[in-house]
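In the working numbering, the protein residues as written are 267 to 314. Cβ coordinates follow ideal geometry from the N, Cα and C atoms, glycine included. Owing to the predicted nature of the structure, the values given are computational and were not obtained by experimental measurement. First up is the structure itself, then whatever we jot down about it.
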Amino acid sequence: MARVRMDNSTEGEGGFVIVAVLWLLSALAALAMIFSVYLSNSARALAL
267 MARVRMDNST EGEGGFVIVA VLWLLSALAA LAMIFSVYLS NSARALAL
């Protein structure tokens with residue numbers, strides 16, 4: 267008896283998801299870096 271594959275996803279879709287997740291992670295890392303620079307500059311400006 268032959269096995270039938272139940273999922274409809276292709277292998278290309280899995281690669282697309284990985285690339286999309288990596289783009290989102292890099293965008294979040296960039297935002298975190300910008301925010302940390304902003305906080306550092308704010309702390310220096312407020313220091314007496």
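Assign residue i to one of three DSSP states: helix, strand, or coil.
| i | result |
| --- | --- |
| residue 310 | helix |
Suppose the cutoff is 8 Å on Cβ atoms and the five residues either side in sequence are ignored; what does the same chain contact list for residue i look like?
| i | result |
| --- | --- |
| residue 285 | none |
Residues in its own chain within less than 6 Å of residue i by CB, not counting five upstream and five downstream?
| i | result |
| --- | --- |
| residue 266 | A question about residue 266 goes unanswered here, because the residues of the chain that appear run from 267 up to 314. |
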